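This report refers to the structure that appears directly beneath it.
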Amino acid sequence: MRNKIVAGLFGIFLGGFGIHKFYLGKIVQGIFYIVFSWTLIPSFVGFIEGIVYLAMSEESFNQKYNTAMVASNTSRSALTQLSELKDLMDRGVITPSEYEERRERLVQQI
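Using my numbering, the final residue of the sequence shown is 123, and nothing's skipped along the way.
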């Protein structure tokens with residue numbers, strides 16, 4: 014399970030090399046950070062992302078970056094999970110395409 018504090022600190026201190034992206038499983042984005050690290054733009058963006066991760070609620074961070082953990086939680090009813098998923102989309106935490114993808118996975122598990 015990924016930790017938002019670790020991701021935030023990686024973003025702030027090592028963001029120029031994309032370490033936070035690798036930690037969060039975003040390998041291609043991490044490679045772009047390394048390739049463009051000489052421009053210092055990834056350092057600036059990584060710093061901002063690190064602050065965003067630290068400011069995020071645990072729930073939002075888990076919904077976005079620990080989806081395997083959320084999807085495998087079978088103790089909640091499917092209806093509750095669908096309702097929470099819809100609420101996340103309505104609040105703008107996830108995009109409509111992410112909503113559809115996660116909804117499909119949830120329906121397949123039933």
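Here a beta-carbon is modelled for each residue, glycine too, at the ideal position from N, C-alpha and C. Bear in mind that the values here come from a model prediction, so they are computed numbers and not experimental data.
{"Query": "At least three beta-carbon pairs within less than 8 Å, the region 89-100 to the region 56-70", "Result": "no"}
{"Query": "Check whether L98 and L119 have beta carbons under 9 Å apart", "Result": "yes"}
{"Query": "Distance, T52 Cα to I40 Cα", "Result": "19 Å"}
{"Query": "Sequence ranges, alpha helix (DSSP H) only - wholly within the region 25-97, length at least 4", "Result": "32-36, 40-48, 54-68, 71-78 and 80-84"}
{"Query": "Which of helix, strand or coil DSSP assigns to G21", "Result": "helix"}
{"Query": "C-alpha gap between I32 and F23, whole angstroms", "Result": "6 Å"}
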